[in-house]
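Note sheet for the following structure.
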Amino acid sequence: MIEVKNLYVDLGEFILEDISLDIEDGEYFIILGPTGAGKTVLLESIAGLYPTKSGEIWLRGKEVTRVEPEKRRISIVYQDHVLFPHLSVKDNLTFGLRMHKTGADAKKDRLNWVTELLGIGSLLHRRPDTLSGGEKQKVALGRAIITQPEVLLVDEPLSALDPETRESVQKELRQLHKALGITILHVTHDFEEAISLGNRIAVIGEGRLMQVGTPEEVFRHPNSEFVARFAMTRNIFVGRAERKPSGDTVFKVDGTEFIIAYDADGTHHASIRPEDILISSEPIRSSARNCFPGTITHVVDKGSTLYVTVSIPPELSCLVTRHSFQEMELHEGKRVYITFKASSVHLFD
Amino acid sequence: MFLRKLINNRMALTFFLLGLLIFLFIVIPLAKMIFSSVSEAEILWQTILDPEVTGAIGLTLYAALIATLVGFLLGVPLAYLLARHNFPGKRLIEGLIDVPIVVPHTAAGIALLFVFGQRFFMGKAFQAIGIGFVDSMAGIIIAMLFVSIPFLIDSAKEGFKKVDVRLEKVARTLGASPWQAFFRVSFPLAWRSILAGNIMMWARGISEFGAVIILAYHPMIAPVLVYERFETYGLNYARPIAVLLILVSVLVFIVLRTIAYRGDKS
Chain A
33 MIEVKNLYVD
43 LGEFILEDIS
53 LDIEDGEYFI
63 ILGPTGAGKT
73 VLLESIAGLY
83 PTKSGEIWLR
93 GKEVTRVEPE
103 KRRISIVYQD
113 HVLFPHLSVK
123 DNLTFGLRMH
133 KTGADAKKDR
143 LNWVTELLGI
153 GSLLHRRPDT
163 LSGGEKQKVA
173 LGRAIITQPE
183 VLLVDEPLSA
193 LDPETRESVQ
203 KELRQLHKAL
213 GITILHVTHD
223 FEEAISLGNR
233 IAVIGEGRLM
243 QVGTPEEVFR
253 HPNSEFVARF
263 AMTRNIFVGR
273 AERKPSGDTV
283 FKVDGTEFII
293 AYDADGTHHA
303 SIRPEDILIS
313 SEPIRSSARN
323 CFPGTITHVV
333 DKGSTLYVTV
343 SIPPELSCLV
353 TRHSFQEMEL
363 HEGKRVYITF
373 KASSVHLFD
Chain R
101 MFLRKLINNR
111 MALTFFLLGL
121 LIFLFIVIPL
131 AKMIFSSVSE
141 AEILWQTILD
151 PEVTGAIGLT
161 LYAALIATLV
171 GFLLGVPLAY
181 LLARHNFPGK
191 RLIEGLIDVP
201 IVVPHTAAGI
211 ALLFVFGQRF
221 FMGKAFQAIG
231 IGFVDSMAGI
241 IIAMLFVSIP
251 FLIDSAKEGF
261 KKVDVRLEKV
271 ARTLGASPWQ
281 AFFRVSFPLA
291 WRSILAGNIM
301 MWARGISEFG
311 AVIILAYHPM
321 IAPVLVYERF
331 ETYGLNYARP
341 IAVLLILVSV
351 LVFIVLRTIA
361 YRGDKS
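If you read the sequences in order, they're chains A and R.
33 is the number of the first residue of the first sequence in my numbering; add one for each residue after it.
101 is the number of the first residue of the second sequence in my numbering; add one for each residue after it.
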């Protein structure tokens, strides 16, 4: 579907180097990387908004490297929506149809289709600056898909939203992908978002492609120090949630049962922030429900803080300050206890 | 309320008094001239009926309008380029564009005469198609254009800079050509700044004297007429025209600003 071959983009202050991607028809493809990694530049290059220095971009078996953006049938949705402020929601939505000189009847049909699909019929006569963040994002999505593009590019679509809206827009994206069968390239710096939505993930750092693979491959088997360090900022597991006769719900992974603050069952993802986990040499008596013995397998020095990986199993990475690291005389192979609250475990799909 | 706040805040009070001084400095001469003319309404009325005066004012407004239109057609594209692109020498170009603001306008007039006079090739080229710049309408227009174009270019440039470049990018991915992206998105969004620049340019053109008088003493624009009456007949004969010119300028300025800033609250 989309093939990027050895792409170089030189923007002076920013360079993309030797990027090669092969994205399949109908795939939900995630481009993951820290801020400033060049994710947006890559997206805009695929849309044809930057001249490439070398390399090729192919779309459905046709080379489009030098094709103008308006002829590529690739739509883009930005994080902060970028709606046309001088146009009503309706005129924002139909902008692409006007550019493509769509007939009046077809225009009406498409507008109805999009407003129903996204549930934004009541917003048509509003101005963009009167909309909430979630509404703006829906209008931006509607504007992008109304021209029925072959590829939809979404740049950090969830980052600017509050947690609740984020969940609903995330659902919207998943449904859109299913309903339209469209190829989506989604840029994010958020792991959970990446795992939750992506068929495959490409990790980008410092303008280079670091790793491409399924979420499992990238998180279980990082191929480089960069990906590993990046993955370490979150502990992410796949496992089964189960209700116990005692009334607790547990999350089972690698034979260990975490007590969680959810009422759920079946296969899920769970994440625990490294800074939410305590390390101690003796078991701690506290209100935290999860306390396990384990062995330190790996230490990564980040300056004033360190990531300490403890294997129960599974392996959890914990954030400790240099001061406590030295005081507790932590080192690889040492037996320790790790403690975290049930509410520190975040369950997601 | 406002006064009490002022009295309680020493700094605000000081600034208020300083501001009041400069405000009075602007307003008193204008007001004095207008009100003393009202007491001599008869003379003012005669001035309004004087065809030489009305002709000169009409010519001034018209020539400044043409200069503004030329400036609009040639200046807006340049403003867009300067707002959107970085290239070597851009700073130099931006600096040069603003030079007409700082050059004494008589000197600007002489520079223009040098290029558009009959001895230089530009002057000759225009002469060949029947346009002369000495003592002609065309001369008045280029003099006004030269001294007032920086106001339009700077204002339009700032207007385009405020338009998020990604709005154009989105438009392109939705099927707009670069032309359509400009006319459907960037231009309407920068319109207010462009219009404000046009108004400034027109107002600056109307008030121009130095550059015009070097190129074209005749046909006589209103500022030149004021000067001529003052030189030939003295203050009492120059003043009614000056009053009329001020009234017309202020009126036009108010009307245009009202149009430009209408609905600005949104």
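Quick reminder that beta carbons are idealized off the backbone N, C-alpha and C, glycines included.
None of these values were measured; they are calculated from a predicted model.
Residue i versus the options, residue with shortest Cα-Cα distance
i	options	result
R:ALA290	R:GLN218, R:ARG184, R:ARG304	R:ARG184
A:GLU238	A:ILE34, A:VAL36, A:GLU35, A:TYR40	A:TYR40
A:ASP280	A:ILE316, A:THR288, A:ARG321, A:LYS94	A:ARG321
A:GLU102	R:GLU331, R:ILE321, R:LYS269, R:ARG284	R:LYS269
A:ILE216	A:THR84, A:ASP381, A:LEU43, A:ASP57	A:ASP57
A:VAL201	A:GLN111, A:LEU74, A:PRO315	A:GLN111
A:LYS122	A:ARG159, A:ALA136, A:GLY271	A:ARG159
A:VAL171	A:PRO195, A:PRO117, A:GLU199, A:SER343	A:PRO117
A:ARG252	A:HIS209, A:ALA176, A:LEU348, A:GLY128	A:LEU348
A:MET242	A:ALA260, A:GLU225, A:ALA226	A:ALA260
R:ILE313	R:LEU347, R:VAL326, R:ARG104, R:ALA281	R:VAL326
R:VAL199	R:LEU182, R:PHE251, R:ALA164	R:PHE251
R:LEU245	R:LEU165, R:ARG284, R:VAL202, R:TRP279	R:LEU165
A:GLY65	A:VAL73, A:ILE236, A:ARG317, A:GLU196	A:ILE236
R:SER139	R:LEU356, R:ILE197, R:VAL352, R:PRO340	R:PRO340
A:ILE178	A:ASN255, A:VAL146, A:THR327	A:VAL146
R:SER349	R:ILE122, R:LEU149, R:ALA360, R:GLY158	R:GLY158
R:ALA211	R:ALA281, R:SER248, R:ALA311, R:PRO278	R:ALA311
A:TYR294	A:THR288, A:GLY287, A:THR97, A:SER303	A:SER303
Exposure of residue i, with buried meaning 16 or more beta-carbon neighbours within 10 Å
i	result
R:MET222	exposed
A:SER376	buried
A:HIS363	exposed
R:LYS365	Below a pLDDT of 50, predicted positions are generally treated as unreliable, and R:LYS365, at 44, falls in that range; the measurement from the model is reported next regardless. Classification of R:LYS365: exposed, given that the 10 Å Cβ count is below 16.
A:ASN124	buried
R:GLU145	According to the sequence as given, residue 145 of chain R is Trp; it is not Glu. So R:TRP145 counts as exposed.
R:LYS257	buried
R:ILE107	exposed
A:LYS94	exposed
R:VAL265	exposed
R:ARG104	exposed
A:LYS140	exposed
R:THR114	exposed
R:GLY239	buried
A:VAL282	buried
A:ILE51	buried
A:GLU76	buried
Residues bridged to residue i [DSSP beta-bridge criterion]
i	result
A:ASN267	A:ILE304
A:GLY61	Checking the sequence, you will find Phe at residue 61 of chain A rather than Gly. Note: A:PHE61 sits in a beta bridge opposite A:LEU217, A:ARG232.
A:LYS37	A:GLU88
A:VAL193	Note on residue identity: the sequence assigns Leu, not Val, to residue 193 of chain A. The partner list for A:LEU193 (beta bridge, DSSP) is empty, contrary to what the question assumes.
A:ARG240	A:GLY237
A:ASP187	A:VAL219
R:HIS369	Residue 369 of chain R lies beyond the stretch modelled for chain R, which goes from 101 to 366, so this question has no answer here.
A:THR299	A:ARG272
A:ASP161	DSSP, once it has assigned bridges, lists no residue as partnering A:ASP161.
A:GLU95	A:TRP90
Where the beta strand (DSSP E) containing residue i begins and where it ends
i	result
A:ASN322	322-333
A:SER349	347-353
R:ASN108	That residue, R:ASN108, is in no beta strand (DSSP E); its alpha helix (DSSP H) goes 102-108.
A:SER312	310-312
A:TYR369	367-372
A:ILE51	47-55
A:THR337	337-343
A:HIS113	That residue, A:HIS113, is in no beta strand (DSSP E); it is neither H nor E in DSSP.
Boundaries (first-last residue) of the alpha helix (DSSP H) holding residue i
i	result
R:ARG284	Run containing R:ARG284: none; DSSP gives neither H nor E here.
A:THR246	Premise fails: A:THR246 is in no alpha helix (DSSP H) and is neither H nor E.
A:ALA377	The displayed chain sequence assigns Val, not Ala, to residue 377 of chain A. That residue, A:VAL377, is in no alpha helix (DSSP H); its beta strand (DSSP E) goes 377-380.
R:GLN227	221-228
A:ALA396	The requested residue 396 of chain A does not occur in the structure, where chain A is confined to residues 33 to 381.
R:VAL350	335-360
R:THR206	205-216
R:GLY195	190-202
R:PRO367	No statement about residue 367 of chain R is possible, as the shown extent of chain R runs from 101 to 366 and does not include it.
A:MET360	Where A:MET360 is concerned, there is no enclosing alpha helix (DSSP H), given that its DSSP letter is neither H nor E.
R:ARG272	265-273
A:ASN144	136-150
A:LYS122	121-125
Can you check the segment 251-295 of chain A for any alpha helix (DSSP H) of at least 4 residues that lies completely inside it and give the ranges in chain order? If we require 4 residues or more, the alpha helix (DSSP H) runs fully inside the segment 251-295 of chain A come out as 257-263.
I'd like the ranges of any alpha helix (DSSP H) spanning at least 4 consecutive residues and lying wholly in the segment 101-156 of chain R. 102-108, 110-139, 141-149
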